[in-house]
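Shown next, in structure tokens, is the structure this report addresses.
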Amino acid sequence: MNIDQLCVNTVRMLAVEAVEKSKSGHPGMPLGAASMAYTLWAKVMNHNGKNPNWINRDRFVLSAGHGSMLLYSLLHLFDYGLTIDDLKNFRQLDSLTPGHPEYGHTKGVEATTGPLGQGISMAVGMAIAETHLSKIFNRDKFNIIDHYTYVIAGDGDLMEGVSNEASSLAGALKLGKLIVLYDSNSISIEGSTDIAFTENVRKRYEALGWETLYVEDGNDLKAIEKAILQAKKNLNQPTLIEIRTHIGYGTEKQDSASAHGEPLGEHNIELLKKNLNWEYKAFEVPDEVKSHLKEVCVNLENKEKEWNEMYKKYMDVYPELAKELKAWINKDIPVNYLDSDDFWNFEKDLSTREASGVLINRLAEVIPNLIGGSADLSPSTKTYMKNRKDFSSEDYTGSNIHFGVREHAMGAILNGLSLHGGVRPFGATFFIFSDYMKPAMRLSSMMKQPVTYVLTHDSIGVGEDGPTHQPIEQLTVFRAQPNFIIFRPCDARETAAGWYTAIKSTETPVGLVLSRQTLPLLSGTGKDALKGGYILRKETKKLKLILLATGSELNLIYKASEILEEKGIGTRVVSMPSFELFEMQDDDYKQKVLPSNVRARIAVEAGSSLSWYKYVGLDGRIVSIDSFGASAPANKLFDKFGLSVEKIVENALDLIN
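The opening position of the sequence shown corresponds to residue 1 in UniProt numbering, with each subsequent residue numbered one higher.
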């Protein structure tokens, strides 16, 4: 047996033994895909386990995240710091080898995968980032940013619609440094993929603008390497390499659904050992494999050393470019500008989506690595950077991305851009269509990626488009999501606070929920909104009632408070653009804004009531919408659903009495 085959079998055995020990996992995929994974990692990819964050490393995404033990075995063998004990603790509490790869938890994991289709779609974002940075920073003889993005994806990934959306955009953008290894084994959990998946995948990808290649034998290392090297030469198209494999290879479960999501069992492991001529103990790595891979890892380290030498010369020849690249990678932000009057100043009433558009263009002047766009809605979401070019296959230096009508893919691509590093991504759509992006937005939170989501047309204020376009439960949904900041501003200055929060965020995605309709500039708004909740209008008499609201409803409670004060009721107006930021404040501040001895409280919001009970308590009331909207002009709808100054005053008087 040659050394490469012994290495492949080592990957296989480590994977199945870890699954067997945990009595949980997916052994079939690692058995079938070990050959392609080893070939890629040992013979093609540029990477360095000693420095997993090397900016010019090739990126690898295991989109078929259920096969996590394939990746963990590679990370152990290629010196990323995972120990045999870590492999033995597969799927155990607090281990470095959880059930699906998790970014930030295990060194060498480039993205959290598991929800099928998300990995390949995030890889499209990584490829966009590489292409963009390379065109901006590379110079003759100095290819500082020059790497590929590789993916191993399975049938399940390519069934999910998000992968087709992202792949369609990748084809349109001609992302030639994106290479997908398709682990084609024709088996899913319910059995043969033929029961639901009969299309010709390669023909589909050809139609999407990809180069497609085929490897008939998934154990033919030379054929796999040849195909990958051929794919690397095509810089005008992304490449899909279909590699025919056998799930559960070498066992009685080979080519069956039972190989997918359950341990093999002792009998099958013994049979596998026999078929692989494996004579080693459980979790034993043969000395020949250790010696060979040590040499491979030294060669990989040398690749980075060669790059470091080039980069030193680059810093001498192009010091300003090198300084700029470092700033982009380090996520440096113009703090002085964010605190300046220029950033915060607004003098006329605007919808908050229009205010956001102004702010995006202000930020684009001082944050050169701001990149993003909209799902075919930039005229409505106001997210086009006027002094920037479009990112396209003709000009990769542009930073306005046209995602097309692809919210699902846009969210994943934004994650990929952020994970790659060097850029600050944002994406925009109508708030209601965040439903299409929710899986990716959840992963933003899990991976601690500071992606900015611009979510316009925030309520029944959308008006005539009707209930299909009017968000109701979405605010509550995102308020329930861990590590996500939702920010619904009441005017242009509060919108500045939202963008300030988003740009300064380092580990939390931010959703800016913005109005279609024009909103008045209210007296007292501004930097206090950075605290998430603050006193916008203080009571002039003894405090008896607190009115709380977000967004367009602030104007309503502001007017209602004036009427109530005239009636002798001391009324405080509290703006609550972000529950999450408010909860980050200390107890003294929260008590100052919402004193616990004042139990008469009314919250007003054009959406679901569910998230407000923590602030109004048992004695308070919520003026909200717990049904779907309707099609009519916005002012008619606000009246219909009781979101009016008169109704708020009526509720307040009834509550006080």
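Glycine included, every Cβ here is placed at the ideal spot set by N, Cα and C.
Alpha-carbon to alpha-carbon, residue j and residue i
{"i": "Val-61", "j": "Ile-144", "result": "22 Å"}
{"i": "Tyr-615", "j": "Ala-497", "result": "22 Å"}
{"i": "Val-44", "j": "Glu-279", "result": "29 Å"}
{"i": "Cys-7", "j": "Leu-530", "result": "54 Å"}
{"i": "Gly-568", "j": "Asn-657", "result": "13 Å"}
{"i": "Thr-239", "j": "Gly-176", "result": "7 Å"}
{"i": "Val-151", "j": "Leu-181", "result": "6 Å"}
{"i": "Ser-68", "j": "Ala-111", "result": "12 Å"}
{"i": "Glu-646", "j": "Ala-560", "result": "7 Å"}
{"i": "Val-623", "j": "Glu-605", "result": "7 Å"}
{"i": "Pro-70", "j": "Glu-206", "result": "For clarity, residue 70 is Leu in the given sequence; the question names Pro instead. Looking at the two C-alpha atoms, the distance is approximately 29 Å."}
{"i": "Asp-339", "j": "Ala-34", "result": "52 Å"}
{"i": "Val-109", "j": "Gly-81", "result": "12 Å"}
{"i": "Thr-245", "j": "Pro-30", "result": "10 Å"}
{"i": "Ile-602", "j": "Asn-651", "result": "8 Å"}
{"i": "Glu-304", "j": "Lys-331", "result": "22 Å"}
{"i": "Ile-503", "j": "Gln-254", "result": "50 Å"}
{"i": "Asn-302", "j": "Gln-591", "result": "58 Å"}
{"i": "Asp-349", "j": "Ser-608", "result": "27 Å"}
{"i": "Ala-166", "j": "Leu-173", "result": "11 Å"}
{"i": "Thr-371", "j": "Ile-128", "result": "According to the sequence provided, residue 371 is Ile. The question's Thr does not apply to it. The straight-line gap from Cα to Cα measures roughly 11 Å."}
{"i": "Ser-291", "j": "Glu-284", "result": "14 Å"}
DSSP beta-bridge partners of residue i
{"i": "Arg-621", "result": "Ile-602"}
{"i": "Thr-149", "result": "Arg-59 and Leu-178"}
{"i": "Leu-519", "result": "Leu-350"}
{"i": "Asn-400", "result": "Gly-372 and Asp-390"}
{"i": "Tyr-214", "result": "Glu-242"}
{"i": "Val-423", "result": "Answer is none; Val-423 lacks a bridge partner."}
{"i": "Gly-570", "result": "Leu-543"}
{"i": "Thr-452", "result": "Phe-426 and Val-510"}
{"i": "Asp-395", "result": "Ser-392"}
{"i": "Ser-95", "result": "Per DSSP, none; premise fails for Ser-95."}
{"i": "Phe-487", "result": "Leu-512"}
{"i": "Ile-269", "result": "Bridge partners of Ile-269: none, in fact."}
Cβ neighbours of residue i in the same chain (closer than 7 Å, five flanking residues each side left out)
{"i": "Pro-337", "result": "Reading off the sequence shown, one finds Tyr at residue 337, where the question assumed Pro. Excluding residues within five positions, the ones whose Cβ falls inside 7 Å are Phe-343 and Val-366."}
{"i": "Ile-55", "result": "Ile-329 and Gly-421"}
{"i": "Glu-288", "result": "Ile-3 and Leu-6"}
{"i": "Ile-189", "result": "Ala-257, His-260 and Gly-261"}
{"i": "Ile-269", "result": "Val-16 and Glu-20"}
{"i": "Ala-282", "result": "Glu-17"}
{"i": "Lys-390", "result": "Inspection of the sequence shows that residue 390 is occupied by Asp rather than by Lys. Only Gly-398, Asn-400 and His-402 meet the Cβ criterion."}
Nearest candidate by alpha-carbon position, reference residue i, set the options
{"i": "Phe-142", "options": "Ser-444, Leu-637, Asn-308 and Ala-231", "result": "Asn-308"}
{"i": "Asn-185", "options": "Met-315, Ile-432 and Gly-154", "result": "Gly-154"}
{"i": "Val-405", "options": "Asn-387, Ala-375, Lys-382 and Phe-426", "result": "Ala-375"}
{"i": "Leu-14", "options": "Leu-229, Asp-85 and Leu-173", "result": "Asp-85"}
{"i": "Ala-196", "options": "Ile-187, Arg-204 and Arg-202", "result": "Ile-187"}
{"i": "Lys-226", "options": "Leu-235, Gln-237, Leu-213 and Asn-236", "result": "Leu-213"}
{"i": "Val-19", "options": "Gln-118, Leu-264 and Leu-536", "result": "Leu-264"}
{"i": "Met-441", "options": "Glu-160, Asn-302 and Gln-474", "result": "Gln-474"}
{"i": "Ala-322", "options": "Arg-139, Lys-590 and Gln-470", "result": "Arg-139"}
{"i": "Gly-161", "options": "Ile-333, Glu-407 and Asn-51", "result": "Glu-407"}
{"i": "Glu-130", "options": "Arg-59, Asp-194 and Asn-200", "result": "Arg-59"}
{"i": "Tyr-318", "options": "Ile-136, Phe-582, Ile-333 and Val-124", "result": "Ile-136"}
{"i": "Tyr-380", "options": "Thr-106, Asn-53, Ser-515 and Leu-74", "result": "Rather than Tyr, the amino acid found at residue 380 in this sequence is Ser. Cα-wise, what sits closest to Ser-380 is Ser-515."}
The ligand FMN heavy atom lying under 7 Å from the CB of residue i
{"i": "Glu-199", "result": "Judged by which ligands are present, the structure shown has none, so any question about the ligand FMN falls away."}
Sequence-distant residues of the same chain with beta carbon closer than 6 Å to residue i, five excluded per side
{"i": "Lys-541", "result": "Gly-570"}
{"i": "Ser-444", "result": "Asn-415, Val-451 and Pro-509"}
{"i": "Glu-320", "result": "none"}
{"i": "Met-447", "result": "Tyr-103 and Thr-112"}
{"i": "Thr-39", "result": "Leu-221, Ile-224 and Glu-225"}
{"i": "Met-410", "result": "Ala-375, Phe-403 and Gly-427"}
{"i": "Gly-171", "result": "Leu-208, Gly-209 and Trp-210"}
{"i": "Pro-489", "result": "Thr-352, Thr-495, Gly-498 and Pro-577"}
Buried or exposed by the 16-neighbour rule on C-beta atoms within 10 Å, applied to residue i
{"i": "Phe-478", "result": "buried"}
{"i": "Glu-211", "result": "buried"}
{"i": "Glu-464", "result": "exposed"}
{"i": "Gly-617", "result": "exposed"}
{"i": "Lys-382", "result": "buried"}
{"i": "Leu-235", "result": "exposed"}
{"i": "Tyr-613", "result": "exposed"}
Close beta carbons around residue i, own chain, < 8 Å, minus the five adjacent residues each side
{"i": "Leu-276", "result": "Asn-9, Arg-12, Met-13 and Gly-250"}
{"i": "Tyr-558", "result": "Leu-522, Leu-536, Arg-537 and Val-573"}
{"i": "Lys-23", "result": "Pro-263"}
{"i": "Arg-621", "result": "Arg-601, Ile-602, Ala-603, Asn-651 and Leu-655"}
{"i": "Gln-92", "result": "Ser-22"}
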